[in-house]
Structure formats: structure tokens, C-alpha cells
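Student: The numbering of the sequence shown is my numbering, which starts it at 39 and goes up by one.
For glycine and all other residues, C-beta sits at the position ideal for the given N, C-alpha and C.
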Amino acid sequence: MTTPTTKIEAVNSMLSTIGEAPVNSLGSGLVDAETAETILNEVSRSIQAQGWNFNTEPDYTIIADSDGNVVLPSNVLRADLADSQTKFRSSKNEYIQRGNKIYDKRQHTFNIGKDLKLDIVVLLDFTDLPEVARRYITVKSARLFQERVVGSDTLSAMNRNDEQEALFALRELEGDNGDYNIFDDYGTASVLDRSIGTKVIRNGSSF
Numbered sequence: 039m040t041t042p043t044t045k046i047e048a049v050n051s052m053l054s055t056i057g058e059a060p061v062n063s064l065g066s067g068l069v070d071a072e073t074a075e076t077i078l079n080e081v082s083r084s085i086q087a088q089g090w091n092f093n094t095e096p097d098y099t100i101i102a103d104s105d106g107n108v109v110l111p112s113n114v115l116r117a118d119l120a121d122s123q124t125k126f127r128s129s130k131n132e133y134i135q136r137g138n139k140i141y142d143k144r145q146h147t148f149n150i151g152k153d154l155k156l157d158i159v160v161l162l163d164f165t166d167l168p169e170v171a172r173r174y175i176t177v178k179s180a181r182l183f184q185e186r187v188v189g190s191d192t193l194s195a196m197n198r199n200d201e202q203e204a205l206f207a208l209r210e211l212e213g214d215n216g217d218y219n220i221f222d223d224y225g226t227a228s229v230l231d232r233s234i235g236t237k238v239i240r241n242g243s244s245f
């Protein structure tokens, strides 16, 4: 029975791009296999850091510690004040991530002194990712691995085609699972709603 891609299958797929035999386990000691796993982890972290529906936690409350610091869990890649906390984020969001803590830009301190509700992006283990994300990460990792180890332009072009298809599949999943709607965006709604910002001119008409 076909099952979702495992991490060792991803590494072996990468090894196959340079004609290397598969390994039976991670940490085999084979230099190319170790390099492949390192690149796989690097790409997985980079892709997940973009923030997808499957690894985003909205309205996640972080409790301030005894020093008033809001310390983020170790697997948090990005954190920002939750959308539910402010309507116009660009002018009112004074809290930003610095290292593994939240920093107050207005007060110039890490001592927040209160719990915060954040939108966070977390780093998931490879096997916790949906299959389309595993596929995209594997294919992109394979291309980078081949380019760094062998450097064949022909193989790179072939891998880029597979990578593009895998990215399309990932974006389709994101659209399906995210249930995004342009009307949920304030900027779009303000353009479509002609009553917003209506001005009255002298002759009584409006624009």
C-alpha cells in the first residue's frame, strides 16, 4: 500500500538524482546521504517559514514569564501580534519578534509585562507535513543537492519542471484548505465598498 513520503525516502530520492544507491537508514555515515539530509532540513525550514495554513496557529496565547518576557516556543519560525488584536496592524502593531522573544518597539524593551495573543508559524517535523508539502520540499531539495554536488545544467532543468509542478500542487492545497476570500481583506473591501471614504462636494453630489 502506498503511504506518504518518509524522510528516508526523500533522502533516497535526492541520492537518485546523482546516481547514488539508496541508504537503509538516516545517519548512515555516507557523506552524500548526510549532505542530502542537511539540505532537506534546510529547505523544509525555508519553505515552512513562509507560513502556510497547515503550519500557522492564529490567536495563540503566550504567557509572559516572571520577568515579563514573552518567550516563544522553540519551534516557532515567525510570530506577530494576532490579527484579532488590531484592525490596522501597520499603525498599531508595536510588538515584533527578536530571537525567541517578543520585543516592544515603542517601549524599547523585552519586558512586555502581559500575555500576548499571537499569530505564529511553527516548524513541523517532515512526517507531520501534508504529502504535497513533502513532495515539493523533496523535489526542490533534490535539485539543490544535484546542483551543489554534480552541477549538471541538464539535470537541473529537468528537476525545475518537477519542482514547478510540485509547487502548483502545494499552492492548490493552500487555496483549498485556507478557504481564502478576497473580501476578507480590508484593503480589497475598502475599494469595493464605495461608501467608504465618500466625500461630499459643493453641488451636493458625492464621490
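Can you check DSSP and say which residues form a bridge with Arg116?
Tutor: Val159
Student: Taking the straight line between their C-alpha atoms, what separation do you get for Lys152 and Ile140?
Tutor: 11 Å
Student: Which same chain residues end up closer than 8 Å to Ile150 when comparing Cβ atoms and leaving out the 5 residues on each side of it in sequence?
Tutor: Excluding positions up to five away in sequence, the list reads Ala102, Gly106, Asn107, Val108, Tyr133, Ile140 and Asp142.
Student: So what's Ile150 in DSSP terms, helix, strand or just coil?
Tutor: coil
Student: How about Ala207 and Arg181: do their beta carbons lie closer than 9 Å?
Tutor: no
Student: How about the region 195-210 and the region 66-78: do they share at least three Cβ pairs that are nearer than 8 Å?
Tutor: no
Student: Assuming Val170 contacts Leu211 (C-beta within less than 8 Å), just tell me the rounded distance between them.
Tutor: 5 Å
Student: If you compare alpha carbons, which of Gly189, Asp163 and Leu154 is closest to Tyr98?
Tutor: Of the listed residues, the one whose Cα sits closest to Tyr98 is Leu154.
Student: Could you name the residues of the same chain whose beta carbon sits closer than 7 Å to that of Ala87, not counting the 5 residues immediately before and after it, in chain order?
Tutor: In its chain, beyond the 5 residues on either side, Leu115, Arg116 and Val159 have a beta carbon closer than 7 Å to the beta carbon of Ala87.
Student: For Gln184 versus Ile56, is the C-beta spacing smaller than 9 Å?
Tutor: Yes. Within cutoff.
Student: Hey, could you find the ends of the beta strand (DSSP E) Gln135 is sitting in?
Tutor: Tyr133 to Arg136
Student: For the alpha helix (DSSP H) that contains Ile175, what are its first and last residues?
Tutor: Glu169 to Val187
Student: Note the first and the last residue of the continuous alpha helix (DSSP H) segment covering Asp214.
Tutor: Asp191 to Gly216
Student: From this set, Gly189, Ile77, Pro168 and Leu156, which residue's C-alpha is nearest Arg122's C-alpha?
Tutor: It should be noted that the sequence gives Ser, not Arg, for residue 122. Checked all of Gly189, Ile77, Pro168 and Leu156; the closest Cα to Ser122 is Leu156.
Student: First and last residue of the alpha helix (DSSP H) that includes Thr76?
Tutor: Val69 to Gln86
Student: Put Ile46 into one of helix, strand or coil per three-state DSSP.
Tutor: helix
Student: For Lys139, which beta-bridge partners are listed by DSSP?
Tutor: Val109 and Arg136
Student: Straight-line CA distance for Asn62 to Val49?
Tutor: 10 Å
Student: Starting from Thr41, follow the beta strand (DSSP E) in both directions and report where the run begins and ends.
Tutor: It is not in any beta strand (DSSP E) - Thr41 carries neither H nor E in the DSSP assignment.
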